[in-house]
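Take a look at the structure set out below.
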Amino acid sequence: MLAAQRRDLLLARLNADGRLVAKDLSSELGVSEDSLRRDLRELATAGLCQRVYGGALPLSPAVASYAARGRVSPKSKQRVAAAAVALLRPGSTVLLDGGTTALAVATALPRDLTATIVTHSPTVAAALVEHPTVEVYVLGGRLFKHSAVTCGAAAAEAAAGVQADLFLLGVTGVHPTAGLTTGDADEAAMKRILAGRAADTYVLASREKIGAASPYTVLPLHAVSGVITDAQRDLPVLEELRQAGVTVLEA
């Protein structure tokens with residue numbers, strides 16, 4: 005089998021199975037693990053998969069620019085946002101992450117909701133300017149332009165004074181093996197800090213993020229209270245998440 009044919013086969017298997025295990029494929033295809041690793045490096049360089057120890061996972065499409073992500077699955081994000089809003093209680097303090105799904109949550113908040121929203125996203129804060137009964141606190145710091153959120157030492161110090169009832173966490177990948185991931189190390193660290201300031205953390209996961217992975221781990225699956233998604237109910241990866249003990253809330 006030619007190398008190009010093998011890479012096509014690997015992509016087809018990745019799409020079908022949601023993961024590639026180099027050792028198993030080496031035996032199945034009769035090629036060395038070194039050859040398969042080289043194939044996976046080339047596929048990863050081309051932006052076609054996310055390499056992990058021992059193989060590869062589907063690359064999350066939610067790693068494009070902020071403007072481009074806003075055009076990805078808008079209806080899906082609206083469904084997830086509506087389900088997330090149902091978790092909010094009057095009088096609660098809610099940490100709301102940045103990103104396009106979090107922005108959909110801000111837009112979906114009922115006009116009569118009385119709550120406090122704490123966010124490190126200027127775009128989320130701006131979306132709440134006209135909300136009549138929501139108090140908004142913005143965590144300052146260095147602006148990470150890719151996701152339009154603040155990160156760094158100043159943002160982390162500001163977050164240390166927050167005690168929230170709920171954190172609505174945005175990620176770019178939710179996978180049974182890789183856990184909850186995103187595309188930037190500093191952003192991942194900020195998300196972990198925010199999760200540590202809330203009694204409960206729920207993940208906002210529009211359908212394109214389920215079964216995908218990005219380079220940096222935010223949290224393991226067991227560290228969150230649940231995942232909110234509109235992915236197809238019988239999707240095999242959702243069943244794997246449930247078997248791993250994850251509470252899946254259907255949007």
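If you're matching positions, the sequence shown starts at 5 in this note's numbering and goes up one per residue. All C-beta atoms in this analysis are idealised placements derived from N, C-alpha and C, irrespective of residue type, glycine included.
Hey, how far is the Cα of residue 79 from the Cα of residue 34?
-> Taking the first residue of the sequence shown as 1, we reach residue 79 at position 75. Taking the first residue of the sequence shown as 1, we reach residue 34 at position 30. Distance between the alpha carbons of residue 79 and residue 34: 44 Å.
Identity of the residue in 95, 136, 123 and 109 nearest residue 115 by Cα | Position 111 of the sequence shown, counting from 1, holds the residue named residue 115. Residue 136 is the option with its Cα nearest to residue 115.
State the beta-bridge partners of residue 121 as determined by DSSP.
-> One-based indexing of the sequence shown puts residue 121 at position 117. DSSP output for residue 121 lists 98 and 140 as bridge partner(s).
Starting from residue 49, trace the alpha helix (DSSP H) both ways and give me its first and last residue.
-> Position 45 of the sequence shown, counted from the start, is the residue given in the question as residue 49. Boundaries of the alpha helix (DSSP H) around residue 49: 37 to 49.
Assuming residue 84 contacts residue 208 under a Cβ cut-off of 8 Å, what Cβ separation, rounded to an integer in Å, is found between them?
-> In the sequence shown, counting from the first residue as 1, residue 84 sits at position 80. In the sequence shown, counting from the first residue as 1, residue 208 sits at position 204. Contact flag correct, Cβ pair sits at about 5 Å.
Return the chain-ordered list of same chain residues with a C-beta closer than 6 Å to the C-beta of residue 112, the five sequence neighbours on each side being excluded.
-> As a working note, residue 112 is residue 108 in the sequence shown. For residue 112, where only same-chain residues beyond five positions count, the Cβ hits under 6 Å are 85, 86 and 89.
Measure the alpha-carbon distance for residue 28 versus residue 150 and round it to whole angstroms.
-> To locate residue 28, count along the sequence shown from 1; it is residue 24. To locate residue 150, count along the sequence shown from 1; it is residue 146. C-alpha separation (whole angstroms): 37 Å.
How is residue 21 classed by DSSP in three states: helix, strand or coil?
-> Numbered from 1 along the sequence shown, position 17 holds the residue referred to as residue 21. Taken through DSSP and simplified to helix, strand or coil, residue 21 comes out as helix.
Would residue 101 pass as a contact of residue 174 if the rule is Cβ separation under 8 Å?
-> Residue 101 sits at position 97 when you count from the first residue of the sequence shown. Residue 174 sits at position 170 when you count from the first residue of the sequence shown. The answer is yes: Cβ separation under 8 Å.
With DSSP run on the structure shown, which of helix, strand or coil describes residue 204?
-> For the purposes of this step, residue 204 is identified with residue 200 of the sequence shown, where counting begins at 1. Reduced to three states, the DSSP call for residue 204 is strand.
Whose C-alpha, out of 197, 23, 118 and 107, is nearest the C-alpha of residue 96?
-> Here residue 96 corresponds to residue number 92 of the sequence shown, with the count starting at 1. Selected option, being the one with the closest Cα: 118.
What number of angstroms, rounded off, separates the C-alpha of residue 58 from the C-alpha of residue 139?
-> To locate residue 58, count along the sequence shown from 1; it is residue 54. To locate residue 139, count along the sequence shown from 1; it is residue 135. Cα-Cα distance, rounded: 47 Å.
Residue 210, buried or exposed, once every other Cβ within 10 Å from all chains shown has been counted against 16 | As a first step, residue 210 must be located in the sequence shown, where it is residue number 206. Buried, because 16 or more other Cβ atoms sit within 10 Å of the Cβ of residue 210.
Indicate whether the contact test is met: 3 or more Cβ pairs, each with one atom in the stretch 222 to 232 and one in the stretch 193 to 209, closer than 8 Å.
-> yes
Which residues in the same chain as residue 144 place their Cβ atom closer than 7 Å to its Cβ, once the five residues preceding and following it in sequence are excluded?
-> As a working mapping, residue 144 is identified with position 140 in the sequence shown. Within the same chain, 154, 158, 159 and 162 come within 7 Å of residue 144 by CB-CB distance, once the 5 residues on both sides are set aside.
Every unbroken alpha helix (DSSP H) within the stretch 154 to 216, with a cutoff of 4 residues, ordered by chain | 157 to 163 and 189 to 199
Straight-line Cα distance separating residue 128 from residue 106 = Walking along the sequence shown from the start, residue 106 turns up at place 102. Walking along the sequence shown from the start, residue 128 turns up at place 124. Spanning the two alpha carbons is a distance of roughly 7 Å.
Unbroken alpha helix (DSSP H) run spanning residue 83, endpoints = Mapped onto the sequence shown, residue 83 falls at position 79. 78 to 89 is the span of the alpha helix (DSSP H), which, as asked, contains residue 83.
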